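Taken in order, these protein sequences are the chains called U and A. Going by my numbering, the final residue of the first sequence carries number 302, and the count climbs one at a time with no gaps. Going by my numbering, the final residue of the second sequence carries number 1222, and the count climbs one at a time with no gaps. Positions of the beta carbon are idealized from the N, C-alpha and C atoms, including for glycine. These numbers were taken from a predicted model, which means no experiment stands behind them. Report on the following structure.
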Amino acid sequence: MKTLSRLHEKLSNGEFAVTGECGPPRGSSKEVIQKKIKLLNGFVDAVNVTDNQTAIVRMSSIAASAHLVAQGLEPVMQMVVRDRNRIAIQSDILGAYSLGIKNILCLSGDHQKFGSQPDAMNVFDIDSINLVRTVKDMRDKGKDMSGFDLDVAPRMFIGAAANPFADPFEYRVIRLAKKIDAGADFIQTQCIYNMDRFREWIRQAADEGLADKVYILGGVTPLKSAGMARYMNNKVAGMDIPEEIIKRMDGIDKKNQADEGIKICLETIQELKEMDGVHGVHIMAIEWEEAVGLIVEQAGLK
Amino acid sequence: MITASQKPINEIAELVEPYKKVLILGCGTCVKTCFAGGEDEVAVLASVLRLKFKKMARSIEIEELTIERQCENEFIQEASSGVDRNDAILSLACGAGVQAMAKRFAKKVVLPGVNTSFIGIQESPGIFTEECSGCGNCGLATFGGICPVTRCSKKLLNGPCGGSQKGLCEIDPDTPCAWHLIIERLTTLGQLDNLKTYIPPKNWNTSLSGGPRKLIREDHII
């Protein structure tokens, strides 16, 4: 399989890859996107563009991704199955590729109950693993879900998410295998704070022979404050921040907590760099894009 | 009532094939009324399966039983000795019944023998139609007692769409246009003005879209 993705090229060369994240604005401002692009450009290999994350209406991930393409920054277009049926999904994949978008991350999406419009009907016509398979079939067989031959196939580098911290733990690697079988080329994980558990997950994946079949990018999010750590641990589904990390943040003067958060993040990246089966890092600095350049430089990833 | 139709016999045979002793368990309420899983259907299905497995030279023991409702524990109780005697239960109840059985008999295999379809009525002998989607937020008062959420193929609340012709829906000449029916009925009731009101986007939070639902009646909790 060959794609034109630079992220793919870097990973296939055996280099440690870095991806960032860009949340589109709650409005039509091109300037907000361009500001974020400036903060990230030159520091990361590709940038995930979120798709109405937490079920809050934002500029579409396709449009925001196209803005990145225009500025020479490679997007990883996130696509959730919450808001689109299979017809819209395939149509958007074709359109995205025509706009120069070469990476896709296939997700279920947060339930709309968490968002600003809980009255909305969700779709979930296909699930995230079905989506991975759909993109793969469109790319490798050149066919849409009806079997129709596409004139130009979308040759996208296909990603999926994994959360090593969700329960039941034993099932996590089985699901990872299922995503790889469906066609995932790379995996981006949920934010890693519980390193013991992550290490165990990677070990299980390696035992199942999955380590050579997929590129795994470990997710990290720098904590801005002890409050954020506590909030994420309690309120964000599937998040696991050990008590010692929260205590460590708590023990620092409020004005220095952000620095400590970056320090923790750097320590995590250092461990990930040395870990077999980890091929890169996915830095999700939520509404804190300024931190990414700093982290990348201090982690020696530039 | 909940409507259902029996699964194709080959599919049922495949489901029960791994087991030596199977209890075909009918349900005497909804699925009986729509001829999918009452005692008559249990008897016919049992004979067909016995014959089919005999032809295949496979020995399988089939027991028959029908209880009043598989969705209520007090009736499920009546099936327990039959359940104990068999390796698997082929339930001819709706999906709620199948799951209630699975919940009650945690270690027993419970297989579905019917495809559960919809909440509906028997419009005329042998013809069942879907009337309600259980959206949890009933608007029938506005629509003259005809549900567009269920009976309009596009779930339009401000219909009809441009595909309606001669009272029929564009998807199928056998499907009446719900909006045509609504207009006729509102005309009869002298409430045609209802149609001039803009109906805002529906709150789907009360439907399955808002997640699996639970009904809590504090006054009945013991």
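At a Cβ threshold of 8 Å, is residue i touching chain A?
i	result
V119(U)	Looking at the sequence itself, residue 119(U) is Asp, so the reference to Val does not match. It does; some Cβ of chain A falls within 8 Å.
N122(U)	yes
V113(U)	The amino acid occupying residue 113(U) in the given sequence is Lys; Val does not appear at that position. Judged by the 8 Å Cβ criterion, K113(U) is in contact with chain A.
Mind checking if residue i is an interface residue toward chain U, Cβ cutoff 8 Å exclusive?
i	result
N1203(A)	yes
G1136(A)	no
S1209(A)	yes
Locate the alpha helix (DSSP H) running through residue i, then write down its first and last residues.
i	result
K1055(A)	E1039 to K1055
C1030(A)	C1030 to T1033
N1073(A)	N1073 to I1076
V135(U)	S128 to K136
V30(U)	As written in the sequence, residue 30(U) is Lys, which differs from the Val given in the question. That run of the alpha helix (DSSP H) goes K30 to L40.
F169(U)	F169 to A182
Q298(U)	E290 to Q298
E1014(A)	I1009 to V1016
H8(U)	R6 to S12
Got a sec, what are the start and stop residues for the beta strand (DSSP E) residue i sits in?
i	result
F157(U)	F157 to A162
I1199(A)	Careful: I1199(A) lies outside any beta strand (DSSP E) and carries neither H nor E.
V80(U)	P75 to V80
A17(U)	A17 to C22
S1005(A)	I1002 to Q1006
H282(U)	G280 to I283
A63(U)	From DSSP, A63(U) is part of no beta strand (DSSP E) but of the alpha helix (DSSP H) over S61 to A70.
A46(U)	A46 to V49
K1021(A)	K1021 to C1027
I957(A)	Because residue 957(A) is not part of the residues shown, which for chain A are 1001 to 1222, the question remains open.
I187(U)	F186 to C191
For the ligand NAD, any of its heavy atoms closer than 7 Å to the Cβ of residue i?
i	result
A1043(A)	No copy of the ligand NAD appears in this structure; indeed no ligand is present at all.
Is the shortest distance between the beta-carbon of residue i and the beta-carbons of chain D less than 8 Å?
i	result
E290(U)	The chain inventory of the structure shown lacks chain D, comprising the protein chains U and A.
Going along the chain, which unbroken runs of the beta strand (DSSP E) with 3 or more residues stay wholly within the stretch 1124 to 1180 of chain A? 1127 to 1132
Whole runs of the alpha helix (DSSP H) within the stretch 196 to 275 of chain U, excluding any shorter than 4 residues: With a minimum length of 4 residues, the continuous alpha helix (DSSP H) runs that stay inside the stretch 196 to 275 of chain U are 226 to 235, 243 to 250 and 257 to 273.
If contact is defined by three or more beta carbon pairs under 8 Å, each pair taking one atom from either stretch, is the stretch 211 to 221 of chain U in contact with the stretch 280 to 291 of chain U? yes
Specify whether the stretch 1176 to 1184 of chain A and the stretch 1138 to 1147 of chain A touch according to this definition: at least 3 beta carbon pairs, one from each stretch, less than 8 Å apart. yes
Report yes or no: do three or more beta-carbon pairs, one from the stretch 1061 to 1078 of chain A and one from the stretch 285 to 300 of chain U, lie closer than 8 Å? no
So, does the stretch 1006 to 1016 of chain A touch the stretch 234 to 252 of chain U, judging by three or more C-beta pairs under 8 Å? no
Is the stretch 1194 to 1214 of chain A touching the stretch 106 to 116 of chain U, taking contact as three or more C-beta pairs under 8 Å? yes
Where are the alpha helix (DSSP H) runs, 4 residues long or more, that stay fully inside the stretch 1073 to 1113 of chain A, in chain order? 1073 to 1076, 1080 to 1085 and 1095 to 1104
Inter-stretch contact (C-beta, 8 Å, three-pair minimum) for the stretch 151 to 171 of chain U and the stretch 82 to 101 of chain U: Yes: at least three Cβ pairs fall under 8 Å.
Indicate whether the contact test is met: 3 or more Cβ pairs, each with one atom in the stretch 121 to 130 of chain U and one in the stretch 74 to 91 of chain U, closer than 8 Å. yes
Do the stretch 1041 to 1048 of chain A and the stretch 1115 to 1125 of chain A make contact, defined as three or more Cβ pairs closer than 8 Å? no
Is the number of C-beta pairs between the stretch 1101 to 1120 of chain A and the stretch 1131 to 1138 of chain A that are closer than 8 Å three or more? Cβ pair count under 8 Å is three or more, so yes.
Tell me whether the stretch 20 to 36 of chain U and the stretch 59 to 77 of chain U touch, counting them as touching only if at least three CB pairs, one residue from each stretch, are closer than 8 Å. yes
I'd like to know if the stretch 228 to 246 of chain U and the stretch 170 to 179 of chain U are in contact, where contact means that at least 3 CB-CB pairs between them fall below 8 Å. no
May I ask you to verify whether the stretch 2 to 16 of chain U touches the stretch 32 to 39 of chain U, counting CB pairs closer than 8 Å and requiring at least 3? no
Can you list, in chain order, the stretches of the alpha helix (DSSP H) that have 4 or more residues and sit fully within the stretch 84 to 113 of chain U? 86 to 98
Three Cβ pairs or more, each shorter than 8 Å: is that satisfied between the stretch 1185 to 1193 of chain A and the stretch 1162 to 1170 of chain A? No: fewer than three Cβ pairs fall under 8 Å.
Just checking, does the stretch 1107 to 1117 of chain A make contact with the stretch 1058 to 1067 of chain A on the three C-beta pairs under 8 Å criterion? no
Flag this pair as touching only if the stretch 141 to 150 of chain U and the stretch 182 to 200 of chain U have three or more C-beta atom pairs under 8 Å; answer yes or no. At 8 Å Cβ cutoff, the stretches do not touch.
Is it true that the stretch 1086 to 1099 of chain A meets the stretch 1017 to 1037 of chain A, where meeting means three or more beta-carbon pairs spaced less than 8 Å apart? yes
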